[in-house]
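Engineer: Here you go, one structure.
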Amino acid sequence: MNLPPVDYAANRGWYPVAASADAVAGHVVAGRLWGSDLVIWRDDNGAVNVWPDRCLHRGVRLSLGTNTGTELVCRYHGWRYATVAGSCTYIPAHPDNAPAQSMCTSTLPVHEYAGLVWTTLDGAPGSVAVGTSPEPFPVEHDVNDHAGSAAVPLWAMTVNVGTGTLEVELDGLRKALTKLVGAEVAVVLQPVDPDAVVVRPLAVGEAAPAVDVSALDAAAELLSAFARRIESGAGANGDYDGNSRRSATEARGYGQVSPHGRTVSTGLLDVEVVAKWETADGIVAFEFLPVEGAPPLPAVQPGAHIDVHMTADLLRPYSLTNGPGDTAYRIGVKREPDSRGGSAAMHDFVTVGDRLTISHPRNTFPLRRDADHTLLIAGGIGVTPLLAMAQTLAATGAGFELHYFVRGPGHVAFADVIQTLGPHAVVHHGLDPAGTGEELASLLAEPGFGRQVYACGPGPMLDAIRATARSAGWPDDTVHFEYFQNPNDLDLDSTFEIALSRTARTFTVPAGETILDVLRTNGVAVEASCEQGACGTCVVPLLDGRADHQDVYLSDTQKATQDRIAVCVSRAETERLVLEL
Amino acid sequence: MIDPVARDLWCAIVASAELGPRRRFATRLLGVPIELTAETAGGFAARSSDRHLPVIERYGYLWTSLGDPVPLFDIPEYDEPDRRILNAGTLQVATSAPRCVENFLDMGHFPYVHTDLLGAEPHTEVRDYRVDTDAGGEIWATECVFYQPKAAANATEGQLTEYTYRVPHPYVAILYKSCAEDPTRNDVIGLFLHPVDAETSRAHNFLCMVDSVNTESGMRHFQQLIFGQDKSILENQLPKRLPLDPRAETPIRADKSSIVYRRHLTELGLRYGVIRPDESVAG
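Going down the list, the protein sequences come from chains A and B. Residue numbering for the first sequence follows our numbering, starting at 100 and increasing by one per position. Residue numbering for the second sequence follows our numbering, starting at 423 and increasing by one per position.
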């Protein structure tokens, strides 16, 4: 059986950090390689994560944390990190904030082979080989065969000497173990510190599966005796010197890799359509995965959306329905009768196997997870972001209800997901506006401590929810909306001045143009998505002046505070606005 | 050479009640071996291997210094006659003193580290609060509000509790919390750190309470339970010295007081137990 080549002198290459059997679902394991502490955990899909063992926030070991099956939760402040991508998905101290994409831990390459979890520090921030690209796992084999060539890890043991002292002894150890267990044995080293190495013997070849418990015990005893002999300096060569093992040459390159310093691309993502199906009358669902060879997709926060780039200048935002731990993106697209090319093109022309360009997920509809009870109210296709929220709340056991208003049974999208929510989800069929109004009045009858409302659907329905909630006494920062589009008639008649505080530039916004238009004309980059005051992507801090708010994203309280503005539609009440740009 | 800023600080070494007549207490301060003794004639003495050190008894502790310290900060509540004052426990922690101070100032960990005592999920929000530095260079964090599941022994449901934090000294943090018995007054809880070396501290838990109900052992037990929970976190925090470069870790809005504390240490020029912004940081 082949094992990866080793280069102890250069501290490069692939090494084991745990046995596959150590990384049990639901558990978190601490490991160490080349002086670096690592956290190792397996998600519910079977994928193993190997990360620096430090939370980005305050450096506490993540190995003290909790494995939820989809996320690793830090023990100190509850920061949640998504499997595979390593992105922070939630910061409990600020429940109303969506963590930035750049809040992402370094992740190390992982490979399971021969019953062991292998990784390499090559390329990791803080390592000797920072800035390089790690080599792919150097042994070719069937990736689905995690056991390698039917290898069985024997008892592993830490031996307190350096790799140099140990290497010369390995052949003798291998032969003794082979004789003892009755199967070919290979010995793999995991360098831990300048004076500590984990010795990992493996039974390999055809006789390996027959190695029984008594042979494992006997091998452990032999290994233990070997460790004592080597540590006491009575090695076969007799040249062991207790001081030399800490020599500077051997210690070179040992040290902590860092969770910081990972560059997170915010450019566009290339994805492949891996599934397309009709999930309800007039609604088609799509599933996307990264194109071959591309890194995993960034983790999704509940409420997030992506922009699908249909053509260079046609871009459509779609909410992701993903639950925690999903590594594929899923969206639902309703065919709009007056489609300007977005939904019709998605329905008619995009098929499985096609490649699409999408934006990174953006979260302008973040879910507070500090509520005792959360009420999710969906109208039609507005169910998509709420499905992501419902699955997140269900996973944490939080109290919530999803009320889904549809025209008829055939209009229920993602019925399979709805079903997993059990009694938490209620579908309301075929109510007229008066019937919907009554139902909303009863749902929203009781505001209270720790209660939050999230609503997404057609404009008139959201307006009804807003009015009902207000008259029932819900504070407006407890009721959150996502509009498909801005139902307001926009007034672009005014002319005013904008001043940018960071770059000390001043521009005039003439009638008929938006602030966003003027910024773009002058080369000031501002992110924007819907460009009609619905999604909140383009909201920037407002330092001085009063805005004439025309968006439906900010709450009335936020608008009254006059400290931020959606630059795609809103204008000025004063002659001049100072924006923090 | 010892960091001159750390050298010139008073440091609380031992509760004076725990250093009985003719007893000696040998330890290290900033890595330097020192010894404190209770004199037969009354009073206390402190010395390092080559000289006598200044010593004062304040707030129930013996304080000494390897240098030339300025007068110690004031805790006016200490002189109120009805206060119950005690050292609720001294615990050694395998980390730097500034890491301990910063953890003491932090509210966001209450639901996770002090579960069902000082906080409980899902009520995890750290609301905006004020941080000011006064004319004397002390840091004050005020209007700090956090949800506490059981604010008093007889409370049945949670409530928002208000805290004030004060950092009068690089190795001292003090908490003021409205007291259950008399809402017009504050309980005072202090954490006085003795930096044994750059990555080892002894933490003294100082209590100055308005409390006619709880027994002394009950108060000790509670405080040691809380600090024991913190200790397991503090000893698993890397690096052990506090990084002062704002980019070294990932501060958020809730960390405003720690941001000000780190900046304050940078401005003081403190080097002991910290990683200065100009030092290269391994990770």
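For each residue, glycine too, the CB sits at the ideal point set by N, CA and C. Just so it is clear, the structure is predicted and the values come from calculations on it, not from any experiment.
1. Along chain B, which residues have their Cβ under 8 Å away from the Cβ of ALA497/A?
2. Identify the continuous alpha helix (DSSP H) that holds ASP316/A and give its terminal residues.
3. Just the Cα atoms here: how many angstroms apart are MET631/B and GLN581/B?
4. Give the C-beta separation of VAL454/B and ALA468/B to the nearest angstrom, bearing in mind that I take them to be a contact with Cβ-Cβ under 8 Å.
5. In chain B, which residues lie less than 8 Å from ARG160/A when you measure between Cβ atoms?
6. Along the segment 601 to 630 of chain B, what residues have a CB closer than 8 Å to any CB found in chain C?
7. Let me check one thing: in DSSP terms, what residues is SER186/A bridge-paired to?
8. Starting from the Cα of SER487/B, find the closest Cα among VAL553/B, TYR593/B, LYS678/B, SER679/B and give me that residue.
9. Go ahead and label LEU566/A buried or exposed: buried means 16 or more other beta carbons lie within 10 angstroms of its beta carbon, across all protein chains shown.
10. Leaving out five residues on either side along the sequence, give the residues of the same chain with a beta carbon under 8 Å from the beta carbon of PHE65/A.
11. Between THR169/A and ASP142/A, is the Cβ-Cβ spacing less than 7 Å?
12. Say whether chain B places a C-beta atom closer than 7 Å to the C-beta of GLU349/A.
13. Cα-Cα, which of VAL356/A, ALA255/A, THR262/A is closest to ALA317/A?
14. Can you name, in chain order, every residue of its own chain whose Cβ lies under 7 Å from the Cβ of GLY509/A, other than the five neighbours on each side?
15. One question on the structure: do ARG446/B and GLU461/B come within less than 7 Å of each other, judged by their Cβ atoms?
16. Using 10 angstroms around the beta-carbon of LYS278/A, count the other beta-carbons present and answer buried if the total reaches 16, otherwise exposed.
17. For VAL515/B, which residues from the same chain have a beta carbon less than 7 Å from its beta carbon, with the 5 sequence-adjacent residues on both sides left out?
18. For chain A, is any of its Cβ atoms less than 7 Å away from the one on LEU687/B?
19. According to DSSP, which residues form a beta bridge with PHE614/B?
20. For TYR587/B, decide whether its Cβ has a neighbour in chain A, counting only Cβ atoms nearer than 7 Å.
21. Closer than 7 Å, CB to CB, is GLU701/B near chain A or not?
22. By Cβ distance, which residues of its chain are closer than 8 Å to ILE497/B, with the 5 residues on each side in sequence left out?
23. Could you round the C-beta distance between PHE580/A and VAL651/A to whole angstroms and report it? I think they count as a contact, below 8 Å.
24. At 4 residues or longer, and completely inside the segment 547 to 604 of chain A: list those alpha helix (DSSP H) runs for me, N to C.
25. Taking its Cβ as the centre, do 16 or more other Cβ atoms sit within 10 Å of GLY635/A, making it buried, or is it exposed?
26. By DSSP's criteria, ALA117/A is part of a beta bridge. Which residues make up the other side?
27. For the segment 514 to 600 of chain B, which segments carrying the alpha helix (DSSP H) assignment without a break, of at least 4 residues, lie completely within its bounds, in sequence order?
28. I want to know whether the segment 191 to 205 of chain A touches the segment 536 to 549 of chain B - three or more CB-CB distances under 8 Å.
29. Would GLY397/B pass as an interface residue toward chain A - the criterion being a Cβ-Cβ separation below 7 Å?
30. Three-state secondary structure (DSSP) at ASP106/A?
31. Jot down the residue ranges of each uninterrupted beta strand (DSSP E) in the segment 487 to 538 of chain A, minimum 3 residues, whole runs only, in chain order.
32. Quick one: what's GLU626/A bridged to in DSSP?
33. Could you check whether the Cβ of HIS531/B sits closer than 7 Å to any Cβ belonging to chain A?
34. What span of residues does the beta strand (DSSP E) with MET256/A cover, start to end?
35. Does ARG663/B come out as helix, strand or coil in the three-state DSSP assignment?
36. Relative to chain B, which residues along the segment 174 to 203 of chain A have a C-beta separation below 7 Å, given in chain order?
Structural biologist: Put simply:
1. The contacting residues are PRO544.
2. It spans 312 to 330 - the alpha helix (DSSP H) in which ASP316/A sits, taken as one unbroken run.
3. Distance between the alpha carbons of MET631/B and GLN581/B: 21 Å.
4. Not a contact, Cβ separation roughly 11 Å.
5. Residues of chain B whose Cβ lies closer than 8 Å to the Cβ of ARG160/A are, in chain order, ASN658, GLN659, LEU660.
6. The chain inventory of the structure shown lacks chain C, comprising the protein chains A and B.
7. Per DSSP, CYS203/A.
8. Taking SER487/B as reference, the option from VAL553/B, TYR593/B, LYS678/B, SER679/B with the minimal CA-CA separation is TYR593/B.
9. The amino acid occupying residue 566/A in the given sequence is Ala; Leu does not appear at that position. By the 10 Å Cβ count, ALA566/A comes out exposed.
10. Nothing about residue 65/A can be reported from this structure: the residues present for chain A run from 100 to 680 only.
11. Cβ distance < 7 Å, so THR169/A and ASP142/A count as in contact.
12. Unreliable positioning characterises GLU349/A in this predicted model, as indicated by a pLDDT of 47, which lies under 50. The coordinate reading is nonetheless provided below. Interface with chain B (7 Å Cβ-Cβ cutoff): GLU349/A is excluded.
13. Answer by Cα proximity: ALA255/A.
14. In the same chain as GLY509/A, and ignoring 5 residues on each side of it, the C-beta atoms closer than 7 Å to its own belong to ALA379, ASP380, in chain order.
15. GLU461/B sits away from ARG446/B, with the two beta carbons spaced by 7 Å or more.
16. With fewer than 16 Cβ atoms within 10 Å of its Cβ, LYS278/A is classed as exposed.
17. Within the same chain, and ignoring the five residues on either side of VAL515/B in sequence, the residues whose Cβ sits closer than 7 Å to its Cβ are CYS522, SER623, ALA625, LYS653, LEU656, GLU657.
18. Nearest CB-CB separation between LEU687/B and chain A: not below the 7 Å threshold.
19. According to DSSP, PHE614/B bridges with VAL594/B, HIS626/B.
20. No - not a single Cβ of chain A is within 7 Å of the one on TYR587/B.
21. For GLU701/B, no CB of chain A lies under 7 Å from its own CB, so it is not counted at the interface with that chain.
22. Excluding the 5 residues flanking it on each side, ILE497/B has same chain C-beta neighbours closer than 8 Å at TYR481, ILE596, VAL610, GLY612, CYS630, in chain order.
23. At roughly 7 Å, the Cβ-Cβ gap stays under 8 Å, so PHE580/A and VAL651/A are in contact.
24. Whole alpha helix (DSSP H) segments, 4+ residues: 558 to 571.
25. Of the other Cβ atoms in all chains shown, 16 or more fall within 10 Å of the Cβ of GLY635/A; this residue is therefore buried.
26. ALA117/A is bridged to VAL216/A.
27. As far as the segment 514 to 600 of chain B is concerned, its whole alpha helix (DSSP H) runs of at least 4 residues are 519 to 526, 532 to 535.
28. A contact exists between the segment 191 to 205 of chain A and the segment 536 to 549 of chain B.
29. The structure shown has nothing for residue 397/B, since chain B only spans 423 to 705.
30. For ASP106/A, the three-state secondary structure derived from DSSP is strand.
31. Secondary structure remark: continuous beta strand (DSSP E) runs of at least 3 residues inside the segment 487 to 538 of chain A, in chain order: 498 to 505, 524 to 528.
32. Note: GLU626/A sits in no beta bridge, so no partner.
33. Taking 7 Å as the CB threshold, HIS531/B lines the interface with chain A.
34. MET256/A -> beta strand (DSSP E) spans 256 to 258.
35. Shown here, ARG663/B sits in coil according to DSSP, grouped into three states, outside any helix or strand.
36. Those would be ARG174, TYR175, HIS176, GLY177, ILE190, PRO191, ALA192, HIS193, PRO194, MET202, in chain order.
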